[in-house]
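Offset between the sequence shown (1-based) and the working numbering: plus 1021. Cβ coordinates follow ideal geometry from the N, Cα and C atoms, glycine included. Bear in mind that the values here come from a model prediction, so they are computed numbers and not experimental data.
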Amino acid sequence: MANLLDVQEPEAHQTSLIQTIYEVAVDPHVYDRLVDLWGQHLMASLRDNPLEGEGPAAPSDEIAQHLLRSFEILDRLGRAEQPSTPPARDRAELRISPRGKIDSCSPLAAETLGAGPGEDLLDLAMSAETTTRLNRELNGKQQGLPGEVYLFFAKGDKHPYPMVRERIADEGGRDGATGFVLAGLHSRWTKAHDQILRQMFGLTQAETRVARELLTGANLRDIAETTDRSVDTLRTQLKAIRRKTYTANQQQLVRMMTGLEALIKSSGPEAPAGANRDQSFTLPDGRKMAYHLFGPADGTPCLFIHNMLNGPNFTSGLIDDLHRLGLQFICPIRPGFGTSDLDPVSKRRPEEAPDRFCADMVPFLKHLGCSKILAIGHMSGALFAFRLAQKHPNLVQGVFNISGAVPITEMSQIRAMHYRQQVMALTARFTPRILPTLLRAGIAQIDAGGVEGFLNALYRPDSPDRALAERPEHRNMLFTGFRQIVQQGHWSFAIDSHNVVRDWSRYCSQLSQPVTLVHGSADPVVTLSSVEAFAHRMGFTLLSYPDVGQLVLYQETSEVLQHIAAMAQTQSPALA
1022 MANLLDVQEP EAHQTSLIQT IYEVAVDPHV YDRLVDLWGQ HLMASLRDNP
1072 LEGEGPAAPS DEIAQHLLRS FEILDRLGRA EQPSTPPARD RAELRISPRG
1122 KIDSCSPLAA ETLGAGPGED LLDLAMSAET TTRLNRELNG KQQGLPGEVY
1172 LFFAKGDKHP YPMVRERIAD EGGRDGATGF VLAGLHSRWT KAHDQILRQM
1222 FGLTQAETRV ARELLTGANL RDIAETTDRS VDTLRTQLKA IRRKTYTANQ
1272 QQLVRMMTGL EALIKSSGPE APAGANRDQS FTLPDGRKMA YHLFGPADGT
1322 PCLFIHNMLN GPNFTSGLID DLHRLGLQFI CPIRPGFGTS DLDPVSKRRP
1372 EEAPDRFCAD MVPFLKHLGC SKILAIGHMS GALFAFRLAQ KHPNLVQGVF
1422 NISGAVPITE MSQIRAMHYR QQVMALTARF TPRILPTLLR AGIAQIDAGG
1472 VEGFLNALYR PDSPDRALAE RPEHRNMLFT GFRQIVQQGH WSFAIDSHNV
1522 VRDWSRYCSQ LSQPVTLVHG SADPVVTLSS VEAFAHRMGF TLLSYPDVGQ
1572 LVLYQETSEV LQHIAAMAQT QSPALA
């Protein structure tokens, strides 16, 4: 995709744009085309206006009215009525009727299992144990429960393909019978796999331990030394494991094991180990603010300020590192994100959002017993970390910003962004009244199972971020975060966008605390050169990573956390 500032807009594009504006209200999957056409239209306005000034003239009244009308349609439809019934495209998913018919299947399920709408579930290739359980349920002799695991076989190679059961809310058949969803498990290994291996394959506790050790790369002789068992005994157990898991060799067994997902829950994303989820604090004005705690309860407190694309979701490896380093991440969910109430003042006057966030943090941190913290700003959370340090120097001992956007002071910074980020940044900066329409349509795309397209737009196929996002644990974490963060809609994004595309360097001045910036050279939004210039001008410490993108926290987890621990080591004790 060419740089937006080089795009030419033929006359026919306006007609296509108007058509797409209304099409997106009924088909969220055309969102990418809407962004493309709107970007070209916006550039047509920019070409004849100085870029370094206050920006272009407003888009034509006709286009603006169409966009605002589309927003009104989307808002009136409501998110509950968005076309979210089609199966997700980013996972293998089957929707099963109470009678055992496949109501619908995702493309991945059709490809992997050979499934098709209207077919009988029991016609798919599955283990004998799975056949028995499903037969009993469909005949009314046994009730299936959310979280149960069933073993199917992939089409062609017949490799085991485990799927987990999810209930379909508010859908019932005769006599109150309900359908259910079968969803393919993504790869992630934790201790909970022990339970799944025993439940799904009938492995004994000893066999499960052997399977777990094999995943770590140990051979039978290594396992013999650590378990006080003979190699011959282990060979016998390995044969039993292969027979029960339908695998022909050790390599196939390891591949199959990495296809299991831990801590299966039907009611929402799983809670990472060591996290206290869904905690809530009531602010002085009555608003509810959700927050999460990660790491040891007596660890050094660090305030983690999340960005506008992903809440505080971490890999199990990162959480393990927090415990190892004695760090506790205190993670408030900012207003309007997740389940935290939207701040009506910031909605009316988005420029006040940083100060409003600071006012919220004072009673919140006092409630937790924190008198001194390290403020960590992640991506767009950076400006909030700076403002908190500036307003409350006795509370914030230091600032540690990861992939944090630098103040937008020149148009060249927007020129350097990738395509989707350019469209959003230019819209927020020059035509802010149009931004809610684009954000609302984007959320409708995610609601309709378009998380894959959302990910594609953020990270190019050849980028370090995309390579990291293809790893199952990171992919699951990102997808969970996307869905979590859009829970209430678009206004929190609009508030953040208003602030990040403007010059907020005033929040960085006259800081008495040390500041460290962490940035990847392949960041798709903020160039390393602009961060280097900013750090040099402000006297901040910069830690840069070559061939690393915006997801530097997850790509260089251990090293980044070690730097955080070093900076936080002089802080006060953790939570009282």
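Supposed close pair residue i, residue j - CB separation, criterion 8 angstroms
{"i": "ALA1113", "j": "LEU1129", "result": "4 angstroms"}
{"i": "HIS1557", "j": "ALA1449", "result": "About 27 angstroms separates the two Cβ atoms, so there is no contact after all."}
{"i": "ARG1090", "j": "GLY1200", "result": "Going by Cβ atoms, the distance from ARG1090 to GLY1200 rounds to 37 angstroms, so no, they are not a contact pair."}
{"i": "GLY1419", "j": "LEU1395", "result": "5 angstroms"}
{"i": "TYR1528", "j": "PHE1407", "result": "4 angstroms"}
{"i": "ALA1589", "j": "LEU1348", "result": "7 angstroms"}
{"i": "VAL1539", "j": "VAL1507", "result": "VAL1539 to VAL1507, Cβ: 26 angstroms. No contact."}
{"i": "ALA1446", "j": "ILE1455", "result": "Wrong, their Cβ atoms sit about 13 angstroms apart, outside the cutoff."}
Length of the line joining the Cα atoms of residue i and residue j
{"i": "ASN1270", "j": "ARG1233", "result": "15 angstroms"}
{"i": "HIS1062", "j": "LEU1459", "result": "14 angstroms"}
{"i": "PRO1428", "j": "GLU1553", "result": "13 angstroms"}
{"i": "HIS1495", "j": "GLN1505", "result": "15 angstroms"}
{"i": "VAL1051", "j": "ASP1057", "result": "10 angstroms"}
{"i": "SER1000", "j": "MET1310", "result": "There is simply no residue 1000 to check, as the chain begins at 1022 and stops at 1597 in what is shown."}
{"i": "PRO1375", "j": "PHE1405", "result": "5 angstroms"}
{"i": "HIS1439", "j": "ASP1053", "result": "14 angstroms"}
{"i": "LEU1274", "j": "THR1151", "result": "19 angstroms"}
{"i": "ARG1250", "j": "LEU1346", "result": "34 angstroms"}
{"i": "LYS1260", "j": "LEU1363", "result": "57 angstroms"}
{"i": "MET1432", "j": "LEU1479", "result": "20 angstroms"}
{"i": "ARG1370", "j": "PHE1451", "result": "17 angstroms"}
{"i": "ARG1230", "j": "ALA1437", "result": "51 angstroms"}
{"i": "GLU1373", "j": "SER1118", "result": "50 angstroms"}
{"i": "GLU1246", "j": "PRO1317", "result": "32 angstroms"}
{"i": "LEU1489", "j": "LEU1476", "result": "12 angstroms"}
{"i": "ASP1568", "j": "VAL1045", "result": "36 angstroms"}
{"i": "PRO1322", "j": "PHE1315", "result": "10 angstroms"}
Cβ-based neighbour list, residue i, same chain, cut-off 6 angstroms, excluding 5 preceding and 5 following
{"i": "ASN1328", "result": "HIS1399, MET1400, SER1401 and GLY1402"}
{"i": "GLY1570", "result": "SER1484, PRO1485, ASP1486, GLY1541, ALA1543 and ASP1544"}
{"i": "PRO1333", "result": "HIS1313, PHE1325, HIS1327 and CYS1352"}
{"i": "GLN1442", "result": "VAL1546"}
{"i": "THR1360", "result": "ALA1311"}
{"i": "ILE1585", "result": "PHE1421"}
{"i": "PRO1521", "result": "The question names Pro, yet the displayed sequence has Val at residue 1521. Here the set comprises SER1401 and ALA1426."}
{"i": "MET1559", "result": "CYS1529"}
{"i": "VAL1444", "result": "VAL1056 and GLY1060"}
{"i": "TRP1525", "result": "LEU1404 and PRO1428"}
{"i": "ILE1084", "result": "none"}
Helix, strand or coil at residue i [DSSP, three-state]
{"i": "LEU1324", "result": "strand"}
{"i": "ARG1090", "result": "helix"}
{"i": "ALA1239", "result": "coil"}
{"i": "HIS1413", "result": "coil"}
{"i": "PRO1071", "result": "Only weak support is given to the placement of PRO1071: the predicted model assigns it a pLDDT of 42, under 50, and the value that follows is read from those uncertain coordinates. Note: PRO1071 maps to coil in three-state DSSP."}
{"i": "PRO1049", "result": "helix"}
{"i": "PHE1612", "result": "Residue 1612 is absent from the model: the chain starts at 1022 and stops at 1597."}
{"i": "ALA1403", "result": "helix"}
{"i": "PRO1365", "result": "helix"}
{"i": "ARG1523", "result": "coil"}
{"i": "GLN1258", "result": "helix"}
{"i": "ILE1429", "result": "coil"}
{"i": "SER1251", "result": "coil"}
{"i": "ARG1186", "result": "strand"}
{"i": "SER1125", "result": "strand"}
{"i": "PRO1356", "result": "coil"}
{"i": "GLY1398", "result": "strand"}
{"i": "MET1064", "result": "helix"}
{"i": "THR1266", "result": "helix"}
{"i": "ASP1141", "result": "strand"}
{"i": "GLU1114", "result": "strand"}
{"i": "PRO1181", "result": "strand"}
{"i": "LYS1162", "result": "coil"}
Close-in-space but distant-in-sequence residues of the same chain around residue i (CB under 7 angstroms, 5 per side omitted)
{"i": "LEU1224", "result": "LEU1218, ALA1232, ILE1262 and LYS1265"}
{"i": "GLN1163", "result": "ARG1154 and ARG1157"}
{"i": "GLN1534", "result": "ALA1410, PRO1414, VAL1417, GLN1418, GLY1419 and VAL1420"}
{"i": "PRO964", "result": "Outside the displayed span of the chain (1022 to 1597) sits residue 964, for which this structure offers no information."}
{"i": "GLY1338", "result": "THR1578"}
Own chain, CB closer than 8 angstroms to residue i, minus 5 neighbours either side, in chain order
{"i": "GLY1137", "result": "ILE1123, CYS1126 and ALA1131"}
{"i": "THR1336", "result": "PRO1293, GLU1494, HIS1495, MET1498, TYR1575 and THR1578"}
{"i": "THR1537", "result": "GLY1419, VAL1420, PHE1421, ASN1422, PHE1561, THR1562, LEU1563, LEU1564, HIS1584 and MET1588"}
{"i": "PRO1305", "result": "PRO1384"}
{"i": "ILE1354", "result": "MET1310, ALA1311, TYR1312, HIS1313, HIS1327, GLY1332, PRO1333, THR1360 and SER1361"}
Any C-beta of chain D under 8 angstroms from that of residue i
{"i": "ALA1065", "result": "Structure shown: chain D not included; a single protein chain is present."}
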